[in-house]
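For the working numbering, count along the sequence shown from 1 and bump the result up by 3. Glycine included, every Cβ here is placed at the ideal spot set by N, Cα and C. For reference, the structure is listed below as structure tokens.
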Amino acid sequence: MRTLFFQFGWQRTIGAILIFGFSGGIIGASVWSKDLRAEESTAAGKAAAKKRAGETGTDKDAALKKGIATKIAAKVRDASKPAAENAAAKTKIPEVVATSAQSADLSADTTAVAAEIDRLIDAQLAESNVTPAKQVNDEDFLRRVSFDIAGTIPTAKDVTLFGLDPDSNKRAKVVQQLLGTDDYALNWARYWRDVLFLRATNERARVMSRTFEEWMVTQLQANAGWDDITHALITGSGDISEHGEAALIFIHEANPEEIAGEVSRIFLGIQMQCANCHDHPTDKWTRDQFHSLAAFFPRITLRRDPDNPIGFTVTSFEGGRGPGGPSGFRQLIEGAEFVFRRNDKNRDDKMSREEAEGTILGRIFDRLVEQADKDKDGQLTIKELKEMPQPPMQPGRGKSEHHMPDLKHPNEEGQLMTPALFTTNVKGRVGMNDEDRRELLSKWITSPTNTWFAKSLVNRVWGELLGEGFYMPIDDMGPERKPRMIVALDYLAAEFVKHDHDLKWLLGTITATNAYQRQIRYNEPTENPVPFASAIPVRLRSDQVFNAIIKVLGIDEGPRGFEGPQGRGRRTLRGQFEDKFGYDPSTPQDELLGNIPQALTLMNFPIVTNALRADGNTRLGQILANNKDDQDAIAELYLSFFARDPSKKEMTIATEYLAKVGNRREAFEDLAWSLLNSSEFISKR
């Protein structure tokens, strides 16, 4: 293969762009459009599936059984292979044809709850004179649910067998099978890692990402209730290399105000951080209520390990000065440098009030300017902060009680606050030790009487699966917010509580709804689509895209690694990819914009460009060797990359391009490159 342009020939690459539609997965049109998908539910698509399975006429069951037997035999062979070989296939989903024993594990009332949710949603759609979209076909459902639950794409064989399975309950069964895989736990552990760590106060928080991820995996594998997981995160302490539950405290530097804001956002779905300095401008929450929540966290500190520069322990202290002393001041400066690098938008090496808004510096910006702004320009530099004498930045912080700062007299101690939870108006007392405070807060937050707890989690998971929540953004709920179809949310949240905050039950129920299984409806730009009447394209998270790439191309990821205690300074392939494609899962889909570095990463990622060669030992090379007929090879490629058959138009375009290029190997490399760099590949349809 020539290497003149992005490791592909200039003319060939431009030709592929013009014919297949360049997007870099990010910035342009894709071959994915409504006219190209029209035939997918027709007999032609089913006939293609039968052909792939070797089925003719009446031998459908025989072909299905043969396919299953072949896969089981392959698993037996794989069991004898070295671990390194099996590692490359670790994200493979299990058999999609369920046994009767597996079906017995299905929740008895999942279908009934899903039906009631659909009834409530459909009734409101009818009131708006909106007809919901039809249900997706089997190919799209399997791809969608595989990404949502297991974080990866199904194989071509899985898609074929699932389409041929005559069981009317196969969708519910495959959901339960996916929920039983290790990939389910890893996928959702990474989701929660991103929710927490991408809002971290300090960049060094990433040293704990591996510990948290592994801890979260164990919780999800054990099917711990969301209330139990929440309790562990609020009360977590210990060495950060051993106690993943201490993540929430560590990544926010044991800062009471930062922790309070995140506890409210993550576990209640309510953004309270604005009330740190003033009463909330659009909600009823007050500054007193915010600092009453922060009063649950004043007796926590981070103890540095003198023998390990990235070793810390989250611990309690019960008197004297804690994190408000010299250690806390150093942490503030470290955090400020991180904020500068990330938020200095005009690159003038100064931080303005606008740039500091919403960061750790925003809430104390005026006090910092008063103490450190030597040139009196109303802005701050790193040099000014480092040269600032160490003042009592937050009078009262670091003592055994929390004080709400007096904004008019910042050097005074401020008002002593009693611990209290603003959603239920329950109060603790001054003088409680750290363990009792956080234990009490956890109990109150997870109580069934605090309806915001269940609603926030249900709204978040619903939004992750369907691309939009009942409240939007998903972490900005509250009594003054206007939800969509609130009756459905209230009903599902109540059922979630009845089922002991069971996350697997929730995922199984949502994926069983017609609302989840609807087709995408292509609206005109001027239309205002009604929520949940149809599916919307959802951008895959970085881990999901990476999983799809290594699975489709047959790449061995190698040993897992993190920039953490076991891998400081070393970026793995996955880590490099996350640096470009990672985003906060709480961000609304319409705010996720691709960029040139992401497009270039997909085009130039060395491990990808090498795997896209049609050599004998690559996945593409194997497809060409196993399919001498070009149309069969094209169909196999589409199944591998998109988990669907190509449309008639796509098949025509591809075959015409093959004829034009004249070199089978080079033409298929271009086709594979174009599919990988399409917007469909990095989206959930």
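- Task: Label residue 311 either buried or exposed according to how many other C-beta atoms from any shown protein chain fall within 10 Å of its C-beta, with 16 as the threshold for buried.
- Result: exposed
- Throw me the rounded Cβ distance for the residue 263 and residue 293 pair, which I believe falls under 8 angstroms. 6 angstroms
- Task: Within the same chain, show all residues whose beta-carbon is closer than 7 angstroms to that of residue 200, passing over the 5 residues directly before and after it, in chain order.
- Result: 208, 209, 212 and 254
- Task: Enumerate, from N- to C-terminal direction, the unbroken alpha helix (DSSP H) stretches of 4 or more residues contained entirely within the stretch 378 to 446.
- Result: 385 to 389
- Message: For residue 245 and residue 317, I'd like the C-alpha separation in whole angstroms.
- Response: 11 angstroms
- Query: Hey, would you say residue 600 sits closer than 8 angstroms to residue 475, going by beta carbons?
  - Reply: no
- Message: Using 8 angstroms for Cβ pairs, my map puts residue 274 next to residue 479. What's the rounded Cβ distance?
- Response: 5 angstroms
- Roughly how many angstroms separate the alpha carbons of residue 88 and residue 120, rounded to a whole number? Caution applies to residue 88, whose pLDDT of 37 falls short of 50 and renders its modelled position unreliable; the value that the coordinates give is listed next. The alpha-carbon atoms of residue 88 and residue 120 are separated by roughly 44 angstroms.
- Indicate whether residue 605 and residue 611 have their beta-carbon atoms separated by less than 8 angstroms. yes
- Query: When DSSP labels each residue in this structure, what does residue 171 get in the three-state scheme?
  - Reply: coil
- Item | Reference residue 410, options 582, 282, 515 and 506, closest by Cα | 282
- Item | Ranges of the alpha helix (DSSP H) found wholly within the stretch 456 to 531, counting only runs of at least 4 | 489 to 501 and 506 to 514
- Message: Taking contact to mean 3 or more Cβ pairs, one atom from each stretch, closer than 8 angstroms, check whether the stretch 134 to 154 and the stretch 630 to 649 are in contact.
- Response: yes
- Taking the alpha-carbon positions, what's the residue 235 to residue 503 distance? 16 angstroms
- Task: Indicate whether residue 198 and residue 589 have their beta-carbon atoms separated by less than 8 angstroms.
- Result: yes
- Where the beta strand (DSSP E) containing residue 637 begins and where it ends: From DSSP, residue 637 is part of no beta strand (DSSP E) but of the alpha helix (DSSP H) over 633 to 645.
- Message: Can you determine whether any heavy atom of the ligand FAD sits closer than 7 angstroms to the C-beta of residue 443, and answer yes or no?
- Response: Here there are no bound small molecules, and the ligand FAD is not part of this structure.
- Query: Based on Cα-Cα distance, which residue from 268, 675 and 367 lies nearest to residue 408?
  - Reply: 367
- For residue 148, does the three-state DSSP call read helix, strand or coil? helix
- Message: So within the stretch 282 to 326, which uninterrupted alpha helix (DSSP H) runs reach at least 4 residues, ignoring any that extend past its ends?
- Response: 290 to 297
- Look up residue 138 in the DSSP assignment and give the residues it is bridged to. 521
- Message: Using C-beta distances below 6 angstroms, list every residue in its chain close to residue 621, excluding the 5 sequence neighbours before and after it, in chain order.
- Response: 614
- Query: With a Cβ-Cβ cutoff of 8 angstroms, do residue 391 and residue 374 count as a contact?
  - Reply: Going by beta carbons, residue 391 and residue 374 fall inside the 8 angstroms limit.
- Message: Give me the DSSP bridge partner(s) of residue 542.
- Response: DSSP lists 686 as partners of residue 542.
- 8 angstroms Cβ shell around residue 488 - same chain, five flanking residues per side excluded: 123, 124, 127, 473, 534 and 535
- Task: Measure the alpha-carbon distance for residue 415 versus residue 471 and round it to whole angstroms.
- Result: 45 angstroms
- Look at the Cβ atom of residue 403, then the Cβ atom of residue 302, and state whether they are nearer than 8 angstroms. yes
- With 16 other CB atoms within 10 Å as the buried threshold, where does residue 567 fall? Reliability fails at residue 567, whose pLDDT of 37 lies under 50, so the model's placement of it is uncertain and the value that follows must be treated cautiously. The residue is buried, with at least 16 neighbouring Cβ atoms inside 10 Å.
- Message: Counting C-beta neighbours from all protein chains within 10 Å, is the total for residue 532 16 or more, i.e. buried, or is it exposed?
- Response: exposed
- Taking just the CA atoms, how far does residue 189 sit from residue 1? Since the first residue shown for the chain is 4 and the last is 688, residue 1 is missing from the structure and cannot be characterised.
- Task: Name the two residues that bound the continuous alpha helix (DSSP H) containing residue 232.
- Result: 229 to 238
- Query: Which residues in the same chain as residue 512 place their Cβ atom closer than 8 angstroms to its Cβ, once the five residues preceding and following it in sequence are excluded?
  - Reply: 110, 113, 116, 117, 120, 495 and 498
- Item | Proximity below 8 angstroms, CB of residue 458 to CB of residue 272 | With a cutoff of 8 angstroms on beta-carbon distance, residue 458 and residue 272 are scored as near each other.
- Item | C-alpha distance - residue 570 paired with residue 243, whole-angstrom precision | Below a pLDDT of 50, predicted positions are generally treated as unreliable, and residue 570, at 39, falls in that range; the measurement from the model is reported next regardless. Answer to the nearest angstrom: the Cα atoms are 15 angstroms apart.
- Indicate the three-state DSSP secondary structure (helix, strand or coil) for residue 24 in the structure shown. Residue confidence is low: residue 24 scores 43 on pLDDT, short of 50, so the model does not pin down where it sits. Its coordinate-derived value is still stated next. Correct three-state label for residue 24: helix.
- Task: Specify, as a first and last residue, the run of the alpha helix (DSSP H) that residue 681 falls within.
- Result: Taken as a continuous stretch (DSSP letters only), residue 681 belongs to no alpha helix (DSSP H), as it is neither H nor E.
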